[in-house]
Ligand code: NOJ
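In this note's numbering, the protein residues as written are 203 to 660.
As structure tokens, then:
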């Protein structure tokens with residue numbers, strides 16, 4: 203008895219508890235460890251619905267972009283992309299999530315921009331040459347102006363237009379790309395573009411927002427089919443030509459109190475914002491409910507089976523209380539005294555672990571397509587990275603299938619309605635400086651060390 207206890211003790215000491223291993227050593231084999239970006243936020247020189255929106259203001263006169271800035275040249279990654287790749291190499295990243303901008307590739311309906319496609323190919327080839335696996339987002343919020351003018355995602359032609367674009371994309375880049383993110387955060391897009399009206403096209407209508415949310419799931423299904431049809435090339439030699447998902451924004455939702463009303467509203471918010479997407483991909487039916495406003499329960503052709511992975515973007519925990527004066531019947535807030543990022547999102551150390559445990563029950567491997575913090579002074583980011591990477595290691599040790607982690611973001615960039623106000627980058631950029639030098643923040647060392655340990659154990 204004593205002897206076997208001793209042996210168990212010895213075995214535990216030999217393996218060492220997770221926290222004693224260097225950060226990164228507990229990540230699984232072939233884990234994709236990298237950073238993420240999106241075209242409109244870094245490339246510069248774009249003309250799409252967002253660049254147009256940036257020029258305008260709300261009826262009360264306040265500018266659409268809080269600090270009055272424009273995406274304009276942004277991080278200039280359209281020219282300076284080799285510097286982004288150098289930064290990834292410096293970080294020891296083995297993967298990079300980047301986007302290919304629809305408005306650039308298809309500037310007018312059916313017109314394919316050969317030069318733009320050639321530049322993206324150059325980037326993808328350079329990434330592969332450095333052993334960095336590209337994970338490519340086809341649509342990250344922005345729309346070509348012609349598509350937006352036809353009614354955007356509300357147009358009857360939207361799905362066919364997007365499918366046609368995806369077929370071109372699959373043909374043009376399929377030999378270089380295996381891992382595809384069809385769409386970024388359908389729930390966030392629907393909320394800001396159609397419910398709160400803070401993003402283009404500036405609509406405030408919960409019914410239309412919910413319809414667009416559902417349409418984006420249809421769009422994902424047609425995109426997945428189009429990519430599978432046209433990308434037949436196994437670029438990374440893992441036996442699969444495509445590995446497809448979307449980037450679903452999830453938050454942890456905490457009821458404000460245990461009252462039946464707060465609990466019910468929190469559960470309804472959670473279902474609408476978080477659960478509805480993976481459930482739809484599992485069942486092939488989208489079910490979205492806003493009491494008294496709209497109820498959608500419909501089959502989505504091709505949705506079932508369209509996920510090869512579950513892409514999750516996780517940032518914060520939200521506290522929810524019932525509020526019948528609001529369109530969504532709820533009020534989201536962060537309690538006084540809780541740690542927050544520069545943009546006010548709650549920083550919650552156990553959050554990522556809890557998210558992984560929750561979504562680990564679905565039948566797909568999880569790719570953490572985004573996780574990051576706006577932290578200009580870089581005071582919070584080191585611990586943020588440690589907590590979140592440890593959270594992954596812990597979830598993995600408990601059996602959750604996690605295939606990758608992409609820190610948001612590689613560099614500072616244009617943070618939508620916040621302009622240049624949110625500093626998420628592992629690399630800082632001074633946007634008043636023409637060279638847009640990428641300057642490593644001290645916290646990037648945490649990432650680098652983790653990447654080194656991850657690689658050393660493989
Ligand atoms: C998620 C979005 O995909 C990305 O575009 C945004 O910059 C980050 N969240 C940070 O807010």
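Don't be surprised by glycine CBs; every beta carbon is placed ideally from N, CA and C.
Please list, in chain order, all residues of the same chain as residue i whose beta carbon is under 6 Å from its beta carbon, the five residues on each side excluded.
i, result
"residue 627", "611, 613 and 614"
"residue 472", "455"
"residue 640", "285, 289, 613 and 629"
"residue 499", "489"
"residue 433", "372, 376, 443 and 444"
"residue 278", "246 and 638"
"residue 523", "458, 464 and 533"
Leaving out the 5 sequence neighbours to the left and right, which residues in its chain are closer than 7 Å to residue i when beta-carbon positions are compared?
i, result
"residue 503", "423"
"residue 633", "622"
"residue 359", "352"
"residue 437", "377, 378, 379 and 380"
"residue 364", "421, 424 and 425"
With DSSP as the reference, label residue i as helix, strand or coil.
i, result
"residue 352", "coil"
"residue 415", "helix"
"residue 530", "coil"
"residue 589", "helix"
"residue 514", "strand"
"residue 449", "strand"
"residue 618", "helix"
"residue 401", "coil"
"residue 375", "helix"
"residue 310", "strand"
Would you say residue i lies against chain B (beta-carbon separation less than 8 Å)?
i, result
"residue 463", "Given the protein chain composition of this structure (a single chain), no chain B is represented."
Sorted by chain position, which residues of the same chain lie with C-beta nearer than 8 Å to residue i's C-beta, five sequence neighbours on each side aside?
i, result
"residue 542", "536, 548 and 549"
"residue 302", "241, 322, 338, 339, 340, 371 and 375"
"residue 210", "Interpretation of residue 210 is limited by its pLDDT of 38, a score under 50 that renders its predicted location unreliable; the figure taken from the coordinates is listed afterwards. Same-chain partners within the cutoff: there are none."
"residue 619", "266, 267, 268, 394, 400 and 401"
"residue 315", "306, 307, 308 and 309"
Residue i: buried (16+ other C-beta within 10 angstroms of its C-beta) or exposed?
i, result
"residue 571", "buried"
"residue 527", "exposed"
"residue 583", "buried"
"residue 553", "buried"
"residue 516", "buried"
"residue 493", "exposed"
"residue 311", "exposed"
"residue 244", "buried"
"residue 332", "exposed"
"residue 638", "buried"
"residue 226", "buried"
Quick check on this structure: which residue in the options has the alpha carbon closest to the alpha carbon of residue i?
i, options, result
"residue 355", "435, 657, 411 and 455", "411"
"residue 400", "651, 258 and 226", "258"
"residue 696", "595, 394, 283 and 428", "A question about residue 696 goes unanswered here, because the residues of the chain that appear run from 203 up to 660."
"residue 288", "654, 629 and 421", "629"
"residue 482", "450, 555, 462 and 408", "450"
"residue 635", "276, 507 and 265", "276"
"residue 406", "394, 538, 416 and 415", "394"
"residue 329", "474, 651, 291 and 563", "291"
"residue 557", "538, 579, 540 and 591", "591"
"residue 497", "256, 414 and 598", "414"
"residue 368", "403, 429 and 604", "429"
Measure the beta-carbon distance from residue i to residue j and round it to whole angstroms, keeping in mind my assumption that it falls under 8 Å.
i, j, result
"residue 568", "residue 512", "5 Å"
"residue 655", "residue 230", "Actually they do not touch by this definition, with Cβ atoms about 13 Å apart."
"residue 344", "residue 448", "With 8 Å as the limit, residue 344 and residue 448 do not qualify as a contact, their Cβ atoms being about 16 Å apart."
"residue 335", "residue 234", "6 Å"
"residue 346", "residue 304", "6 Å"
I'd like to confirm something about residue i: is its beta-carbon nearer than 7 Å to some heavy atom of ligand 2, or not?
i, result
"residue 624", "Questions concerning ligand 2 fall outside what the structure shown contains, since the ligands it does hold are ligand 1."
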